[in-house]
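Chemist: Residue numbers for the sequence shown, in full-length UniProt numbering: 1 to 328.
Backbone N, C-alpha and C fix where the C-beta goes; we use that ideal spot for every residue, glycine too.
Here it is: the structure, laid out below.
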Amino acid sequence: MVIDYQILADNKDITEKIKAALVSLTITDTTGDHADGLSLRLADYTDSLKFPESSAKLNVHLGYKDNLHDFGFFFVDTMSYSYPPSVLSLNANSVPFAASNTYKAMQTQQTRSFDNTTVQGLVEQIAKEHGLESSVTPEIGKITIEHIDQTDEGNIGFLYRVVRQYGGTLKPTHTKLVVLDAKGKNANNEDMPTVTLDLKEISQLSYSSKKEAKFRSVTAKYHDVDTAETKKITMGNGQPEFLLSYTYENETAAKAMAKKVLDGYSLDTDSINITTVGNPAIIAGVPIEIKGLREDIPQEWYVKTATHSLSKQGYQTSAQLTLQSAIE
1 MVIDYQILAD
11 NKDITEKIKA
21 ALVSLTITDT
31 TGDHADGLSL
41 RLADYTDSLK
51 FPESSAKLNV
61 HLGYKDNLHD
71 FGFFFVDTMS
81 YSYPPSVLSL
91 NANSVPFAAS
101 NTYKAMQTQQ
111 TRSFDNTTVQ
121 GLVEQIAKEH
131 GLESSVTPEI
141 GKITIEHIDQ
151 TDEGNIGFLY
161 RVVRQYGGTL
171 KPTHTKLVVL
181 DAKGKNANNE
191 DMPTVTLDLK
201 EISQLSYSSK
211 KEAKFRSVTA
221 KYHDVDTAET
231 KKITMGNGQP
241 EFLLSYTYEN
251 ETAAKAMAKK
261 VLDGYSLDTD
271 SINITTVGNP
281 AIIAGVPIEI
291 KGLREDIPQE
301 WYVKTATHSL
311 SKQGYQTSAQ
321 LTLQSAIE
């Protein structure tokens, strides 16, 4: 297979212009609560390359000839130059941190309040303020928000906080703010196909398991409007139990957060880090099955973070994996 890539800058194909100069290209793809990242290093021995404008929009496709994966849009926010040798470096994120003619900066701090809305309504409103689209999974989107304050916070940090508070995950991708409530789902809330790897395909693998006591249940409090009482809902069974301190507006919000916290305690205790030949199908959130592992190591995982690296040495993918289901 022939490694291939394509880069568009503000919708103009610059692939051929930079191909001879490319030192390295690195894409970091995460499951959420962090922006995806792009790093480009370009050799410029003739000083013929120019820095792009701040917040230039780069669209990156990477993979193999006739089978490129669209990794989405990245907004340039950091540029640097080093010598010798003469190298231009660009860093970009899937969130427009800097303002442009099309997009409003998402880090500008604001103070305001929102009343009688939903998670979906809040995400849609802020997305529109920045020229972005939005997609919110129904389970999270329907949660009502009676009142919430944004105090000296940038919109992206505020949304990360709110979505996390209600048990969801915010992922900025493809000029869209996507809110998911489950791993293994894509931006359209559809199941992602499982990637199957044989142990022989993996050049490096490390597995770790934390054996300390795990919380087997999580309890959240919520306000019952009908009875004007504070009630509790518990996800999981048994002791030790973890009690969330925040009181949620309703049962749906409390249940969503309790489930997310329980998943964190039960699924993030085991992890695997792998490195393999470049595989554009390995992206954040995708289920992975590893064939040929020892019998005492789980074989079914989710990708928590994937890093795709292209250089003169070739194309490789590394990934941090988290469990699909809890180990009893």
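Roughly how many angstroms separate the alpha carbons of W301 and G72, rounded to a whole number?
Modeler: What you label residue 301 is simply residue 301 of the sequence shown in a count that begins at 1. What you label residue 72 is simply residue 72 of the sequence shown in a count that begins at 1. Answer to the nearest angstrom: the Cα atoms are 24 Å apart.
Chemist: Going by DSSP in three states, N11 sits in which element: helix, strand or coil?
Modeler: Within the sequence shown, numbered from 1, the residue matching residue 11 stands at position 11. Here N11 sits in coil by DSSP.
Chemist: By the three-class DSSP mapping on this structure, what secondary structure does S266 have?
Modeler: Locating residue 266 in the sequence shown gives position 266, counting from the first residue. Helix, per DSSP.
Chemist: Excluding five sequence neighbours on each side, which residues of the same chain lie with their C-beta closer than 7 Å to the C-beta of R41?
Modeler: For this step, residue 41 is matched to residue 41 along the sequence shown. The residues are V23, S24, V87, S89.
Chemist: Compute the Euclidean distance between the alpha carbons of T117 and D47, then round it to the nearest angstrom.
Modeler: Taking the sequence shown and counting its residues from 1, the one referred to as residue 117 is at position 117. Taking the sequence shown and counting its residues from 1, the one referred to as residue 47 is at position 47. Taking the straight line from one Cα to the other gives about 53 Å.
Chemist: Buried or exposed: which applies to L199, given that a residue is buried once 16 or more other Cβ atoms fall within 10 Å of its Cβ?
Modeler: Indexing the sequence shown from 1 puts residue 199 at position 199. Burial call: exposed.
Chemist: Whole angstroms are fine: how far does the CA of K255 sit from the CA of L243?
Modeler: For the purposes of this step, residue 243 is identified with residue 243 of the sequence shown, where counting begins at 1. For the purposes of this step, residue 255 is identified with residue 255 of the sequence shown, where counting begins at 1. Using only the alpha carbons, I get a separation of about 12 Å.
Chemist: Note down, in chain order, each residue of its chain lying with its Cβ closer than 6 Å to the Cβ of Y265, except the 5 sequence neighbours on either side.
Modeler: Counting from one through the sequence shown, the residue named residue 265 turns up at place 265. Excluding residues within five positions, the ones whose Cβ falls inside 6 Å are K214, F215.
Chemist: How big is the Cα-Cα spacing for T276 and E201?
Modeler: Residue mapping note: residue 276 aligns to position 276 of the sequence shown, counting from 1. Residue mapping note: residue 201 aligns to position 201 of the sequence shown, counting from 1. Near 6 Å, if we compare the C-alpha coordinates of E201 and T276.
Chemist: Pairs of beta-carbons, one from the segment 178 to 197 and one from the segment 277 to 290, closer than 8 Å: are there three or more?
Modeler: The segment 178 to 197, when compared against the segment 277 to 290, does touch it at the 8 Å Cβ threshold.
Chemist: If you pair each beta-carbon of the segment 137 to 156 with each one of the segment 106 to 116, do three or more pairs fall below 8 Å?
Modeler: In short, these stretches touch, since the Cβ pair count reaches three.
Chemist: Between the segment 5 to 15 and the segment 156 to 171, do at least 3 Cβ pairs fall closer than 8 Å?
Modeler: Verdict: no, contact absent.
Chemist: Out of V225, D33, N59, point me to the one whose CA is closest to V179's CA.
Modeler: On the sequence shown, position 179 is the one that residue 179 refers to. Per the Cα distances, D33.
Chemist: Assuming V95 and Q120 form a contact by the criterion Cβ under 8 Å, report the distance between their Cβ atoms to the nearest whole angstrom.
Modeler: Taking the sequence shown and counting its residues from 1, one reaches residue 95 at position 95. Taking the sequence shown and counting its residues from 1, one reaches residue 120 at position 120. Not confirmed; about 19 Å, so no contact.
Chemist: Under a three-way DSSP split, which group does I18 fall into?
Modeler: Along the sequence shown, one-based indexing puts residue 18 at 18. Three-state DSSP puts I18 in a helix.
Chemist: Measuring CB to CB, does D66 end up less than 8 Å from A306?
Modeler: Within the sequence shown, numbered from 1, the residue matching residue 66 stands at position 66. Within the sequence shown, numbered from 1, the residue matching residue 306 stands at position 306. No, Cβ-Cβ distance for D66 and A306 is not below 8 Å.
Chemist: Is any heavy atom of the ligand GTP found at a distance shorter than 7 Å from the C-beta of K255?
Modeler: The ligand GTP is not among the ligands present in this structure, which contains no ligands whatsoever.
Chemist: Going by CA-CA distance only, name the one from S311, E295, K57, L321 that's closest to K304.
Modeler: To locate residue 304, count along the sequence shown from 1; it is residue 304. Ranking the options by Cα distance to K304, first place goes to L321.
Chemist: How would you write the range of the alpha helix (DSSP H) that A127 sits in, first residue to last?
Modeler: Translated into the one-based positions of the sequence shown, residue 127 becomes position 127. A127 -> alpha helix (DSSP H) spans 119 to 129.
Chemist: By Cβ distance below 6 Å, which residues in the same chain neighbour K232 in space, the five residues on each side in sequence not counted?
Modeler: Locating residue 232 in the sequence shown gives position 232, counting from the first residue. Same-chain partners within the cutoff: T219, K221.
Chemist: Which whole-angstrom value is the C-beta distance of T234 and A258, which I expect to be below 8 Å?
Modeler: For the purposes of this step, residue 234 is taken as the residue at position 234 of the sequence shown. For the purposes of this step, residue 258 is taken as the residue at position 258 of the sequence shown. Between A258 and T234 the Cβ distance is about 7 Å, and since that is below 8 Å, they are a contact.
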